[in-house]
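Novice:
Residue numbers (my numbering), protein chains in the order written: chain A, 25 to 446; chain B, 25 to 446.
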């Protein structure tokens, strides 16, 4: 947690008048900038435009296990798309279920399924009050799904190695009402933290008091590196197998940030037992997902190497953006705030002085720069320290990003100066 | 209900030996034919292949209310696709929610939403035992969704004008545990019956004992004519408005049987109140559906006229098939069975002598012809008369369809002869 030195405090107080002036000047520009959402920018999206021409009226529409992907059938996808996701996630194709366009939707459906049918025991919605562990800062939409289903959320701190496993182990092993935990294991949202090997091993060795405990392993950024020193994530299923605990994890991913957000393909990896449970629901829910879009992805990427080569193009677009964030924040906020320097993912997580985050977001808003709401990275939208702010530098054009960062830094300094002066 | 005349009975008994011989000869052919599922055939699917080239890397990806359909956003779809579905369903675009690839999935989500959050009153899953009316013969997947959520199903007879509204009105007005009814209002599955104007008006004037009663209006075959004398369906929303009861109906449709099954676009039409309830769920469920596929549909069809012209091509493929069914059944089964002669949709519904349907399906199966399971058209798979069989003549190649119909007719005659002889 950031704590101002006496020197910084005096410096900020001394700057207060100048910062007010600087802020008013920026506000007078009438900016309309947005650093709120983890959306790819248009340059990134255009990288995949050629995918729109790989399927033509004369294409071969058959697959190894589907005579015509244009027609109904193949609830879990067809062989070639399963193979592609299996290679991305380093699991066997028989553990893959390929779904629609949204991994969030698959997570929502998974929780819905466990609520209504259970994950191996009684339906979760027939077990009274149940709870989920939510490492935070984390992804607001995970918390949203949990809250929608009336599951109580317990915040778990993040460490530089992932969720604080001392806390996780203690809670999970002692409380049978804890039915699961969310985790973005690689390049976490918003901090960009990747679980260490030890963290993954401790996840895979959990001894839950609830036998129907499930880990929601949202590997959203599985191959989403942004520089030349990518993180490595241990394969959790390999570790689970060693312990005979394959049923404990459901893993999710999608191509939303590889090809087209909203027009990508999502998939999950799970044990046979979990797949059986989920399929029993999906069988009633739909006849099948969009196999032409799956074929489009297979035809475009061909194989894992094709995917990885494509991700290097994304990296080339993203690297300068994250370098810019680091450069501007280092110059303007050293000693005033702390922030992450991720090797992948979509975010930079900034901790400002406790009690200042909401004020910073408000100041930014009034100056025309939209940030993710303060608190959004915590369950129930409540950051106990009012300190964490998520920056999403991928979407705005580069010149707008620079301007937005300038405004952000002035707002952080101004809010800090206000605080320091008190 | 079919009841044999004395003459037919004697004729069938006299034919028994010859029918056995005929059946054994057919069985010896080792056929592998399928008349079970309402899937478009490959000739139909290929009608839409040119849709695969309307979106190219150089396309304009903006819409009236979405700067870039390739990116996240627009939970309910964008203006042009809403307009297209609004024109198809004859409602206002503001009442349209465009979803993923499957209207079944949207119906499933709607029921799930009402179970968990209610449809204007307490959540359905907090109201104890609740019930749904299921006009039968009907669509097995409707019954599947109802059963999945533990909703008790009450069978309502079909008449030539749609569901028996005397029964519907009586039950709905007296029993507050009845929360809804399924209805395929046009070219019903499997009978191809279209609700008469009076039936639609009576639906729109229902006085349910449950104030949170909802009509699931699955307009799956809204423009799916198969000959030159199409049925007309009254617009239920117009009637509902007259009574101030717009909240009572959710209408569904999709392009699955216009373009590509599984790669089409689904939509629902609903009142503002119902849309608000559904959006509250969808907001947590997903960031949005596949807008590139929506754009593909808009670019290909352009407008309602484009859709209607395209449906004429489907009609040209389907009309000879349904004519063939009528021709073969008239020749072979007159006096032995009764069947529908629909002007649209995907099915012909055959009523054989009570107690014979299972036997016919079994005989067909042993002779290599797969039919929809007997009973599938009734809640819980139980046809009280064991009489109804659904024929799906759209998928097999034309020569295979002819052979399958030949086998079917022999099996109906044989099963009837067995019955008549007893």
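Heads up, the beta-carbon is just placed ideally off N, CA and C, and yes, glycines get one too.
Please report the residue range of the beta strand (DSSP E) in which residue 277(A) lies.
Specialist: Run containing residue 277(A): 273-278, per the beta strand (DSSP E) assignment.
Novice: Any beta carbon from chain A within less than 8 Å of residue 298(B)'s own beta carbon?
Specialist: It does not; no Cβ of chain A falls within 8 Å.
Novice: Using a Cβ-Cβ cut-off of 8 Å, state whether residue 225(A) counts as contacting chain B.
Specialist: Residue 225(A) does not count as touching chain B.
Novice: Just the Cα atoms here: how many angstroms apart are residue 299(B) and residue 345(B)?
Specialist: Rounded to the nearest angstrom, the two C-alpha atoms are 39 Å apart.
Novice: Roughly how many angstroms lie between the CA atoms of residue 177(A) and residue 213(A), to the nearest whole one?
Specialist: Computed Cα separation, rounded: 17 Å.
Novice: If we count the other Cβ atoms within 10 Å of its Cβ and call it buried at 16 or more, is residue 290(A) buried or exposed?
Specialist: Buried is the call here.
Novice: Closer than 7 Å to a non-hydrogen atom of the ligand ZN - does that hold for the CB of residue 286(A)?
Specialist: With respect to small molecules bound, the structure shown includes none, and the ligand ZN cannot be examined in it.
Novice: Could you give the first and the last residue of the continuous beta strand (DSSP E) run that contains residue 35(B)?
Specialist: Careful: residue 35(B) lies outside any beta strand (DSSP E), inside the alpha helix (DSSP H) at 30-52.
Novice: Answer with yes or no whether the minimum CB distance from residue 204(A) to chain B is below 8 Å.
Specialist: Residue 204(A) does not count as touching chain B.
Novice: Drop a sphere of 10 angstroms on the beta-carbon of residue 336(A), count the other beta-carbons inside from all chains shown, and report buried for 16 or more, exposed for fewer.
Specialist: Residue 336(A) is exposed by the Cβ-count criterion.
Novice: Excluding the 5 residues preceding and the 5 following residue 207(B) in the sequence, name in chain order all residues of the same chain whose CB lies nearer than 8 Å to its CB.
Specialist: Taken in chain order, the residues that qualify are 159, 186, 187, 219, 227, 239, 240, 241, 242.
Novice: Contact criterion: CB-CB distance below 8 Å. Does residue 146(A) meet it with respect to chain D?
Specialist: Among the protein chains in the structure shown, which are A and B, there is no chain D.
Novice: Taking Cβ-Cβ distances shorter than 8 Å, what residues in chain A pair up with residue 95(B)?
Specialist: Here the neighbours are 63, 64, 66, 69, 284, 285, 286.
Novice: Would you call the region 88-104 of chain B and the region 56-68 of chain A in contact, with 3 or more CB pairs under 8 Å?
Specialist: Because the criterion of three Cβ pairs below 8 Å is met, the region 88-104 of chain B and the region 56-68 of chain A touch.
Novice: Do three or more CB pairs link the region 349-357 of chain B to the region 114-126 of chain B at distances below 8 Å?
Specialist: The answer is no - the region 114-126 of chain B does not touch the region 349-357 of chain B, with fewer than three Cβ pairs under 8 Å.
Novice: At which residues does the beta strand (DSSP E) containing residue 183(B) begin and terminate?
Specialist: First-last of the beta strand (DSSP E) with residue 183(B): 176-183.
Novice: Inspect the CB distances between the region 46-62 of chain A and the region 31-38 of chain B and report whether three or more fall short of 8 Å.
Specialist: Contact fails: fewer than three Cβ-Cβ distances are below 8 Å.
Novice: Using DSSP's beta-bridge definition, name the partner residues of residue 317(A).
Specialist: BP columns for residue 317(A) are empty, so no partner.
Novice: Using a beta-carbon distance cut-off of less than 7 Å, what residues from the region 76-90 of chain B approach chain A?
Specialist: Listed in sequence order: 76, 77, 79, 80, 81.
Novice: Helix, strand or coil, according to DSSP, for residue 373(B) in the structure here?
Specialist: In the structure shown, residue 373(B) sits in a strand (DSSP, three-state: E or B).
Novice: For residue 315(B), which residues in chain A fall below 7 Å Cβ to Cβ?
Specialist: What residue 315(B) touches in chain A: 286, 287.
Novice: Whose C-beta lies closer than 7 Å to the C-beta of residue 200(A) among residues of the same chain, with five residues either side of it excluded?
Specialist: The answer, listed in chain order, is 233, 234.
Novice: Quick check on this structure: which residue in 161(B), 72(B), 313(B) has the alpha carbon closest to the alpha carbon of residue 372(B)?
Specialist: Ranking 161(B), 72(B), 313(B) by Cα distance to residue 372(B) puts 161(B) first.
Novice: Near residue 411(B), which residues of its chain fall below 8 Å by C-beta distance, leaving aside the five closest residues on each side in sequence?
Specialist: So the list reads 25, 26, 375, 376, 377, 378, 379, 380, 381, once near-sequence residues are dropped.
Novice: With DSSP collapsed to three states, give me the class of residue 207(A).
Specialist: Looking at residue 207(A) - three-state DSSP - the assignment turns out to be strand.
Novice: Check residue 250(A) in the structure and name its three-state DSSP category.
Specialist: Reduced to three states, the DSSP call for residue 250(A) is coil.
Novice: Are the beta-carbon atoms of residue 224(B) and residue 258(B) separated by less than 8 Å?
Specialist: It is a contact, given that the beta carbons lie within the stated cut-off.
Novice: Could you tell me the boundaries of the beta strand (DSSP E) in which residue 159(A) lies?
Specialist: Taken as a continuous stretch (DSSP letters only), the beta strand (DSSP E) holding residue 159(A) covers 155-160.
Novice: Should residue 252(A) be labelled buried (16 or more other beta-carbon atoms within 10 Å of its own) or exposed?
Specialist: Exposed, because fewer than 16 other Cβ atoms sit within 10 Å of the Cβ of residue 252(A).
Novice: Look up residue 90(A) in the DSSP assignment and say whether it is helix, strand or coil.
Specialist: Looking at residue 90(A) - three-state DSSP - the assignment turns out to be strand.
Novice: Taking 8 Å as the limit between beta carbons, can you name the residues of its chain near residue 147(B), skipping five residues before and five after?
Specialist: Hits under 8 Å: 138, 139, 140, 141.
Novice: Taking C-beta pairs closer than 7 Å, name the residues in chain A that residue 129(B) reaches, listed in chain order.
Specialist: What residue 129(B) touches in chain A: 309, 310.
Novice: Could you check what DSSP says for residue 98(A) in three-state terms: helix, strand or coil?
Specialist: In this structure, residue 98(A) counts as coil in the three-state DSSP scheme.
Novice: So what does DSSP say about residue 187(B), is it helix, strand or coil?
Specialist: Strand, per DSSP.
Novice: Quick check on this structure: which residue in 282(A), 136(A), 110(A) has the alpha carbon closest to the alpha carbon of residue 261(A)?
Specialist: Among 282(A), 136(A), 110(A), the Cα nearest to that of residue 261(A) belongs to 110(A).
Novice: DSSP beta-bridge partners for residue 238(B)?
Specialist: DSSP, once it has assigned bridges, lists 204(B) as partnering residue 238(B).
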